[in-house]
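For the sequence shown, position 141 matches number 141 in UniProt numbering, and the numbering has no gaps at all. Heads up: the structure comes next, in structure tokens.
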Amino acid sequence: MARHSSSDEYSFAEFLTLIEEHRHDLVQLTRAKLHAMDPKPMTVHFPHVAGAEYANPTPDFAQTMELDEAYLDRTIRFVLRGITSGGEFATDQAEFLVATGRDFRKFGVGSQHYEALESALVEAVGEYMGVTKKLSDTINLGCSLLAYGALEDEEVDVPATSAAQVLEVLHPCDAIAVIRAQMDPPLPYWSGQHVEVRTPHTPQLWRALSPAIPFNEDGLVEFHVRAVGPFSRAIVEGSQPGEQWVVANPYGDLQISGEKPVVMVAGSTGLAPVRAILLDLIQSEERPPMVQLFFGAQNPDELYEWKGLVGFEDAFDWLDLYLVVQEDAPAPEDFEAYTARGLVGDVAAERGSWRDAEVLITGGPEMKRHTVEAFLRAGANREQLRFDVPN
């Protein structure tokens, strides 16, 4: 492709504008140059169905990495708009690049690959419109931030991916599945975090799920999934013992300080991350803070973990449990009466002892929005409210 103009004709800001305008062409040219270099990905795991004779395929980025064009477009525009006049990155963009470098390890992209990306980008931009030293330095900085994100995990031996063999699939109700699996190698995470998961039912999709138990050295992990969209519905309807999932990239900072009372507000399978935190408290050698757990669902049948939670409440005097349903429906025969009817956020804001407490909110996007609004209307400070990020 011919160079459009001499690099001397453009200011740095004009260069960035041109790059944004021609980003689609530059992406294709960069890909072509990377392909010619033929870098090989790190070894990563792939999902497969139960009973399949399987070996990881020969490493190839065509198999490990499929990036949605819309995602690439959004990413490039976001990063370009954070480049300062001095050729550096604003804080949000710099943090994003570091996080992306960490995230892309699941595709087999390690810190060692970003030197090739830098060369391909410099060549592509230079071939298309010319490149100045300042622009070259900015590309170097961006790739260095990506590499740093990958290197942080590499230096502490965090696996890029983990193969999780499904051991057990339970269906406490039609809409929900509890998946128990064992990760090899064990992938460390904190209670309250999410991990990214890829399954044989939708093998090209990565989605965030919250472990419902704390990390353990045996690699045992449990996920709670409610059938909502194609990804979750495929898991609920199709998961079987013996299939292999892929787990990667723990992230999130939903935690408690241990110094204040806690109000947990969980909608449906949003119970998973706070259940893991609750189990951490149960296993702690120190006395936990007072905890109020409001667990809500659409109907009694979907309060799938009620028996275990009632057992916890009976066993520990620091835990108070409130079961909340949105609508009346036939309940399991041995179901104990729920605490309240309505939206769990409204009930928690009305009945919870939250004024001097940390409030954890977990569930679907609409549930979280409504619950935050309910607490703010009731007089809570936004700084009290903590919630998981995905969806």
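Every residue, glycine too, gets a C-beta built ideally from N, C-alpha and C. Fair warning: this is a prediction, and the values are worked out from it, not measured in the lab.
{"Asked": "Grouping DSSP H, G and I as helix and E and B as strand, with all else coil, what is residue 433?", "Found": "The requested residue 433 is not part of the displayed model; the chain covers only 1 to 391."}
{"Asked": "How many Å lie between P230 and F12 at the Cα?", "Found": "44 Å"}
{"Asked": "If you count every other CB in all the chains shown that lies within 10 Å of the CB of L281, and 16 or more means buried, which is it?", "Found": "buried"}
{"Asked": "Any idea if A90 is buried or exposed, counting beta-carbon neighbours within 10 angstroms, 16 or more meaning buried?", "Found": "exposed"}
{"Asked": "Distance check for E14 and S136, CA to CA, integer angstroms please.", "Found": "15 Å"}
{"Asked": "Using the beta-carbon count (16 or more within 10 Å), is G242 buried or exposed?", "Found": "exposed"}
{"Asked": "Helix, strand or coil for L278, going by three-state DSSP, please let me know.", "Found": "helix"}
{"Asked": "For G142 and L303, what's the separation of their Cα atoms in angstroms?", "Found": "47 Å"}
{"Asked": "Using only alpha-carbon positions, find the residue among Q28, H113, G238 and L360 that is nearest to I176.", "Found": "G238"}
{"Asked": "Please go through the same chain and pick out, in chain order, the residues whose beta-carbon is closer than 8 Å to the beta-carbon of K134, but skip the five residues on each side of it.", "Found": "F12 and G87"}
{"Asked": "Buried or exposed for R226, please, with buried defined as at least 16 other CB atoms from any protein chain shown within 10 angstroms of its CB.", "Found": "buried"}
{"Asked": "Tell me whether S7 sits in a helix, a strand or coil according to DSSP, three-state version.", "Found": "For S7, the predicted structure reports a pLDDT of 46, less than 50, and the residue's modelled location is therefore unreliable. A value from the coordinates is still provided. Looking at S7 - three-state DSSP - the assignment turns out to be helix."}
{"Asked": "Following the continuous alpha helix (DSSP H) through W245, name the residue where it begins and the one where it ends.", "Found": "Per DSSP, W245 belongs to no alpha helix (DSSP H); it is in the beta strand (DSSP E), Q244 to Y251."}
{"Asked": "For I179, report the span of its beta strand (DSSP E) as first-last.", "Found": "I176 to D184"}
{"Asked": "Hey, L26 and A124: beta-carbon distance below 8 Å or not?", "Found": "yes"}
{"Asked": "Is the number of C-beta pairs between the stretch 169–185 and the stretch 285–304 that are closer than 8 Å three or more?", "Found": "yes"}
{"Asked": "Hey, out of G258, L254 and E259, whose CA is closest to A266's CA?", "Found": "L254"}
{"Asked": "Can you tell me where the alpha helix (DSSP H) with G149 in it begins and where it stops?", "Found": "K133 to E155"}
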